[in-house]
Structure formats: structure tokens, C-alpha cells
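Everything in the sequence shown is counted per the working numbering, starting at 1 for the first residue and increasing by one. Each residue gets a CB set at the ideal place from its N, CA and C atoms; glycine is no exception.
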Amino acid sequence: MFRKVLIANRGEIALRVINACRELGIRTVAVYSEADRNSLHVRFADEAICIGPPRPTESYLNVPAVISAAEIADVDAIHPGYGLLSENANFAEVCRASNIKFIGPPPEVTRLMGEKEKARQAMKKAKVPILPGSDGVLASSDEALEVAKTIGYPIILKAKAGGGGRGMRIVRTPEELPNLYHAANTEAANAFGNGELYMEKFIEQPRHIEFQILADEHGNVTTLFERECSIQRRHQKLIEEAPSLQVTPALRKEISDTLCRCLKEIGYQNAGTIEFLMDEDRKLYFIEMNTRIQVEHPVTEAITGVDLVKAQLRIASGETLDQILPPNIELRGHAIECRINAEHPQKFTPSAGKITAFNVPGGNGVRVDTAQYAEGVVPPYYDSLIAKLITHGVDRAEAMARMERALSQFVVQGIDTSISLHQAIFQDEDFRAGNFDTKFMERFLAKR
Ligand code: MV4
1 MFRKVLIANR
11 GEIALRVINA
21 CRELGIRTVA
31 VYSEADRNSL
41 HVRFADEAIC
51 IGPPRPTESY
61 LNVPAVISAA
71 EIADVDAIHP
81 GYGLLSENAN
91 FAEVCRASNI
101 KFIGPPPEVT
111 RLMGEKEKAR
121 QAMKKAKVPI
131 LPGSDGVLAS
141 SDEALEVAKT
151 IGYPIILKAK
161 AGGGGRGMRI
171 VRTPEELPNL
181 YHAANTEAAN
191 AFGNGELYME
201 KFIEQPRHIE
211 FQILADEHGN
221 VTTLFERECS
231 IQRRHQKLIE
241 EAPSLQVTPA
251 LRKEISDTLC
261 RCLKEIGYQN
271 AGTIEFLMDE
281 DRKLYFIEMN
291 TRIQVEHPVT
301 EAITGVDLVK
311 AQLRIASGET
321 LDQILPPNIE
331 LRGHAIECRI
341 NAEHPQKFTP
351 SAGKITAFNV
361 PGGNGVRVDT
371 AQYAEGVVPP
381 YYDSLIAKLI
391 THGVDRAEAM
401 ARMERALSQF
411 VVQGIDTSIS
421 LHQAIFQDED
431 FRAGNFDTKF
441 MERFLAKR
């Protein structure tokens, strides 16, 4: 096992990784920006090194600064958390060249999955269901017209280098295709430095369902079931749960078996998430793979009993899944996560400043992951997630009742938070009935 690990992140996920290291007897090194000097990840790490000014590009995203800190502290490995450098294949390559273990998949695999159309073809080859679409990137809007004719409208154009919804255009008629093709092409070129596009059949009101997998460095792969992530606004998830009410045991097993075969073929290593869209016929189609630990990993931890971050550390140190996991992992109960953001509950404007009062709920079936505290400050430079509230119960009804109870006991004063928005969503009949898709929040906000 590693002797010492650097955590190249901040906030709740930095603290989450520090906790896992501490429980495994690994020394921890925090890095921090000047805005995070008083953060809990700095206080609770064994060592802490300031790597630059508040702006992420000058600190947490500054590869030479992070690598220098790792060399000065003499660590064996770096855990990137989520966001920031977590899916940066160049960073993983620099780690490799510096003899520091990057806790995640090899850079070649990260690069493959980052090229969305290549990932799509790799999944297709391994018989993972994909949507009808182009084979590879489109050479021109004329070629796009030809492919669209064979698959039928509506279609969606997506950026090969994309993700998070940028560089995407929905096309409903051939007449509007040329203009939308050029708009997507220009937007992708500006956002990602690569304008290449591919095409898929467009699903009008999909659900977003993702599968968690773990792979060791000896060719073993396992899945830890799925998460339902359809409650989102502008590509930011607000509520996640596991399992999905729409996934039958037979479908769960079929997709899980196919994914295990596929990721073995690809040579995947460490934790990963495979995103699917579900159509009205409850069929699942692969859209993207995320090669990192995700924000919503605690709902999977709740229903499986597996500590995913400890598993990441143990996999990266060479252990086999056999050594890490119990023989039969069963899906136990139901878990829900609410992302508590520092933002206005109706206007969604970010809220920075000093937290004057902070009470975190607890008790049976409640988990809170946060790095915030009373008298602490939320800086304006980073994403707005300040806490994750996760509840677990024997079934969805119990998990929901616990969430409502815990939300009512979660007190944050001094800044705006999304707590009251979550309380309103938990009053919604469609949400309560599990009757929702990725358009839920649009409808919910329109009727408020
Ligand atoms: C789609 C789609 C419908 N059809 N692809 C948005 C972000 C990117 N990860 C994929 N996205 C979508 N791809 C096809 N073929 C609808 C979306 C989409 C979406 C997907 C998941 C969660 C929320 C979403 C919100 C709007 C659009």
C-alpha cells in the first residue's frame, strides 16, 4: 500500500479522500490555493502545500505546481478527485513520467473515453447498445445530411471532444441542418480546440442512468449497479438515487455483464462510470464514459456497503478485486443524494461569503459529506457544491422520509443554499412517484 498520497483537489471530495487514506494508514498531503488556506482539507491532512493564487488555472489546474508539490512532499501517488485534473490524460502522463502513481485509469484509456465518438465505437464493438448514428466523425454538413436521412429526424449533433452539453445541437428538419452544423462546429472549435462532430438519433425525454464499475490492474472488472441521475438543471445534477426504479433485475444483469466484458477488452482500470440514456421503451443506450470517481458515488456506497475511494486506493496499489470486495455484493435498500449548493434557491445565482451558522443533520441512515463549517467562508472562485446529503433506507419511501427529516434539520445561515429547493422537489407528486426524466426540472420550475 502507498505510504503517502497527495490529494489534487479541494472541498468535500478532498476531505473524502483524506478520510479514506487515514483509515488505510496512508499519510496525506493537501494542496491548496490562497483562497483555501483555512479549509478543512488543509487542516485534516498530515501536510499541506500552497500551490498558488485563488484562480483554479493558477493553482488546482496548474500541473507544474501540483507535480512540484508532489515531489517536494515525496508522495507515492496522487488522487485527483473529480473535476479539475481528474480526466486530464496529459496530467496522468506527467505523473507517470515523474514516477508518481495516478489514481485512475491509464492515460491511454482516459484519452480514448475523452474522444466521445471513439468511446462510442469501442462500446459498439463490445456489443454495448448505442443509439443509431454516424460511424465516426462527420466530414461535412453534406455528410451529416446523408447520415440523418438514414437514421431519421430528430437527430443530435455532438462534439467529439465535448461533454457537459457544449457543442451540441438538436436538428429536427433537413432544412435547418446546415446552419446548426456550422453553429455546433464553431462552438466546439472555440470551447475544445476541436470542432469535429458526430451524430446520434435524438431521444426527446430521456432518463439519465449510469452504471458504476470497478476494475483492478489484473483484468478483473465488476459493476456496482446503477444510479438514476435525471433530476438536473443545465447539465448540473441536483438529486441522484440508487437503484433506478426503471431498471429491472434482468436489464441490470444484462447491462452489467456486457459492461464487464467490454471494459476488460478495453483494459480499463480503477473506478469508472458508464452513462446511458433510457428511452420511453425503457431501453438503455450508451452515451459517454467518465473515468473518475463521481460526485454521486455515496449513493452506490450506501446500497453496496463498498467504500469506493478506499477501493480506488487499493486497486492503484495493485490489489485484486477479490482482495478488496466481499464475494457476493447484494443491492441493499435505496439511497438518495441531494446536492446542497451555495446558490439562490429560485434564481440560481452563486452565493459566496461567510457561513454564520451551520448545523449538519445526522442520525440513522443519514450521511453528510462536506468541508464547510460555521464561521467558514465560501470563496467565489469554485463550483457551488458545499455539501452532499445522502440518506439510505430499506426502500425508497424510507430514504425519502429520512431526506425530508434531514433537510429540515440542515441549517446554513449567512449564504443562500439550495436546501429549500430540495424541500420543494420532495413535495412534488411526480418526483415522489418516481415519475420523472431529464426534463423534470424544466417542468417543475415552470409550474412554481
Ligand atoms: C442526448 C440527449 C438526447 N438524445 N443524446 C446532454 C449532455 C451530454 N452528456 C449528453 N446529453 C444529452 N444527449 C441523444 N442522442 C439528451 C441529452 C441531454 C441530457 C442528458 C443527460 C442528462 C441531462 C440532459 C439534459 C439535456 C439533454
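Positions of the beta strand (DSSP E) runs, each at least 3 residues long and wholly inside the stretch 20-101, are given as 27-33, 47-52, 77-79 in order along the chain. Excluding its 5 nearest sequence neighbours in each direction, Leu-251 has C-beta neighbours in its own chain below 8 Å: Arg-282, Leu-284, listed in chain order. In the three-state reduction of the DSSP assignment, Met-289 falls in the strand class, which pools E and B. Non-local beta-carbon contacts of Gly-333 in its own chain, meaning distances under 8 Å to residues more than five positions away in sequence, involve Ala-302, Ile-303, His-392, Gly-393, Val-394, Asp-395, Glu-398, Ala-399 in chain order. At least one heavy atom of the ligand MV4 sits closer than 8 Å to the Cβ of Pro-206.
For the pair Cys-95 and Phe-2, the Cα-to-Cα distance works out to about 15 Å. Taking C-alpha positions only, Asp-437 is separated from Phe-44 by approximately 39 Å. Its chain contains Met-400, Phe-426 as the residues whose beta carbon lies nearer than 8 Å to that of Arg-432, once the 5 sequence neighbours on both sides are disregarded; these appear in chain order.
Excluding residues up to 5 positions away in sequence, Thr-349, Pro-350, Ser-351, Ser-384, Asp-416, Thr-417, Ser-418 lie with their Cβ nearer than 8 Å to the Cβ of Glu-343 in the same chain. The alpha-carbon of Glu-117 is positioned some 35 Å away from that of Leu-389. When beta bridges are read from the DSSP output, Tyr-198 appears opposite Lys-158. Note on geometry: alpha-carbon atoms of Glu-275 and Thr-110 lie some 15 Å from one another.
Taking each of Gln-246, Ser-98, Pro-54, Leu-445 in turn and checking the Cα distance to Pro-379, the smallest one comes out for Pro-54. Not one heavy atom of the ligand MV4 falls within 8 Å of the beta-carbon of Lys-118.
A residue is called buried when at least 16 other Cβ atoms come within 10 angstroms of its Cβ; Arg-339 meets this threshold and is buried. Every alpha helix (DSSP H) of 4 residues or more that sits fully in the stretch 305-331 is shown, in chain order, as 308-316, 321-324. Of the residues Asn-88, Gly-267, Ser-230, the one whose Cα lies closest to the Cα of Glu-442 is Ser-230. When DSSP reads this structure, Asn-179 sits in no beta bridge, so it has no partner.
Per the DSSP secondary-structure output, Gln-413 pairs in a beta bridge with Ala-357. Per DSSP, reduced to three states, the secondary structure at Gly-272 is strand.
Within the same chain, and ignoring the five residues on either side of Ala-374 in sequence, the residues whose Cβ sits closer than 8 Å to its Cβ are Ile-355, Thr-356, Ala-357, Phe-358. Using a cutoff of 8 Å, the CB of Glu-12 does not count as near the ligand MV4, since none of the ligand's heavy atoms is closer than that. Between Tyr-198 and Leu-138, the C-beta gap is smaller than 9 Å, which places the two residues in contact.
With a threshold of 8 Å, the Cβ atom of Ile-213 does not count as near the ligand MV4, since no heavy atom of the ligand is closer than that. Rounded to the nearest whole angstrom, the CA to CA distance from Lys-237 to Asn-9 is 20 Å. Three or more pairs of CB atoms, one per stretch, sit closer than 8 Å, so the stretch 251-269 contacts the stretch 101-115. In the structure shown, Lys-237 adopts extended strand secondary structure according to DSSP, grouped into three states. If you compare the alpha carbons of Val-5, Leu-214, Leu-224 with that of Arg-22, the shortest gap goes to Val-5. If the five residues before and after Gln-413 are omitted, its C-beta is found closer than 8 Å to the C-beta atoms of Ile-355, Thr-356, Ala-357, Phe-358, all from its own chain and listed in chain order. By the C-beta density criterion, Lys-149 is exposed, having fewer than 16 other C-beta atoms within 10 angstroms. The bridge partners DSSP lists for Gly-393 are His-334. In this structure, the beta-carbon distance from Lys-310 to Ile-293 does not fall below 9 Å. Pro-350 carries a strand assignment under DSSP once its states are collapsed to helix, strand and coil. For Leu-214, the uninterrupted beta strand (DSSP E) run begins and ends at 207-215, by DSSP. Lys-158 and His-182 have their alpha carbons spaced roughly 12 Å apart. The beta-bridge partner set that DSSP reports for Gly-136 is empty.
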